[in-house]
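What follows is a set of notes on a single structure, which appears directly below.
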Amino acid sequence: DTEVTQTPKHLVMGMTNKKSLKCEQHMGHRAMYWYKQKAKKPPELMFVYSYEKLSINESVPSRFSPECPNSSLLNLHLHALQPEDSALYLCASSQDYSLFFGSGTQLSVL
Amino acid sequence: EDQVTQSPEALRLQEGESSSLNCSYTVSGLRGLFWYRQDPGKGPEFLFTLYSAGEEKEKERLKATLTKKESFLHITAPKPEDSATYLCAVRVNFGNEKLTFGTGTRLTIIP
């Protein structure tokens, strides 16, 4: 099973809202990732968790707040987003550096 | 600075017309090259990992090869369902979990 599950699939939020994106994997992978992808662009790394600890933060604005409650779960908390934050948000996991991605959350900020 | 360049940017083929996609890289020390397929609005689907020059991997109509400066994704007798964006990515150092992605090749197979 190489499945990474993301919820919700679609999200529309206002600039004053607080919402969370969720990601789950049951492959026993030690690393989990958040990527952001704009249309017709490659994925851009946001955060990496390794063994449940934040190991990489790619200078992401504080309105994005990651959380790794346990080795299978990864959350991305969103607050006071801007319209330019609208994008496809991808979660991924890996064990031997081959990343497996979820299907993503398409986020629209109004 | 590490760079990954994919060409062509877009490719239209007739069904059954074989071709190759290119991924060239300039990195300080390659520790893995990855190919992904991505459908619109979906997450990238893992295809292959290559680690050393001369390595080849195959999956159905796809074959990936690696040299010291580039990788090719060969597609043989493609079908319309092979239409997608194909992304390559490189990892530079062991212990570095960051992948550097190319901008992708949008492949369209015409029935």
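Top line first, the protein sequences correspond to chains A and B.
When you read off a place in the first sequence, starting at 1, and then add 1062, the result is the number in this note's numbering.
When you read off a place in the second sequence, starting at 1, and then add 2, the result is the number in this note's numbering.
Just so you know, even glycine gets a beta-carbon here, dropped at the ideal spot from N, CA and C.
{"Check": "B/Glu99, buried or exposed, once every other Cβ within 10 Å from all chains shown has been counted against 16", "Outcome": "buried"}
{"Check": "Top-ranked residue by Cα proximity to B/Ala86, from B/Ser9, B/Asp4, B/Val6, B/Leu13", "Outcome": "B/Leu13"}
{"Check": "Neighbour-count burial assignment, A/Ala1093, 16 or more Cβ in a 10 Å radius", "Outcome": "buried"}
{"Check": "CB contact below 7 angstroms: A/Cys1166 versus chain B", "Outcome": "Position check: residue 1166 of chain A holds Gly in this sequence, whereas Cys was assumed. By this cut-off, A/Gly1166 is an interface position."}
{"Check": "CA nearest to the CA of A/Leu1107, picked from B/Ala91, B/Pro10, B/Leu49", "Outcome": "B/Ala91"}
{"Check": "For A/Gln1168, the first and last residue of its enclosing beta strand (DSSP E)", "Outcome": "1167-1171"}
{"Check": "Run of the beta strand (DSSP E) containing A/Ala1149, from where it starts to where it stops", "Outcome": "1149-1156"}
{"Check": "Contact with chain B by A/Ser1160, beta-carbon distance below 7 angstroms", "Outcome": "yes"}
{"Check": "Interface partners of A/Trp1171 on chain B, CB under 8 angstroms", "Outcome": "Here residue 1171 of chain A is Val; the residue named in the question, Trp, does not match the sequence. In chain order: nothing, as chain B lies at least about 17 angstroms away."}
{"Check": "Residue from A/Tyr1095, A/Gln1087, A/Thr1067 whose Cα sits closest to the Cα of A/Ser1134", "Outcome": "A/Gln1087"}
{"Check": "Sufficient close CB pairs (3 or more, under 8 angstroms) joining the region 1144-1163 of chain A to the region 46-61 of chain B", "Outcome": "yes"}
{"Check": "Beta carbon proximity, A/Leu1083 to chain B, threshold 7 angstroms", "Outcome": "no"}
{"Check": "B/Thr102 and B/Val6 closer than 7 angstroms at C-beta", "Outcome": "yes"}
{"Check": "Residue-level contact to chain A via CB, B/Glu11, 7 angstroms cutoff", "Outcome": "no"}
{"Check": "Chain A contact for B/Thr7 (CB, 7 angstroms cutoff)", "Outcome": "no"}
{"Check": "Three CB pairs or more closer than 8 angstroms across the region 1141-1157 of chain A and the region 1066-1086 of chain A", "Outcome": "yes"}
{"Check": "Pair within 7 angstroms by beta-carbon distance, B/Leu15 and B/Ser21", "Outcome": "yes"}
{"Check": "Amino acids of chain B, ordered along the chain, whose beta-carbon sits closer than 9 angstroms to that of A/Ala1149", "Outcome": "Simply none; closest approach about 11 angstroms."}
{"Check": "Cβ neighbours of B/Glu17 in the same chain (closer than 7 angstroms, five flanking residues each side left out)", "Outcome": "Pro80, Lys81, Pro82, Ile111, Ile112, Pro113"}
{"Check": "Three-state secondary structure (DSSP) of A/His1146", "Outcome": "Position check: residue 1146 of chain A holds Glu in this sequence, whereas His was assumed. Reduced to three states, the DSSP call for A/Glu1146 is helix."}
{"Check": "Distance between B/Glu19 and A/Leu1116 (C-alpha atoms, nearest Å)", "Outcome": "46 angstroms"}
{"Check": "Separation of A/Tyr1113 from B/Asn24, as counted between CA atoms", "Outcome": "35 angstroms"}
{"Check": "Contact check, A/Lys1103 vs A/Leu1140, beta carbons under 7 angstroms", "Outcome": "no"}
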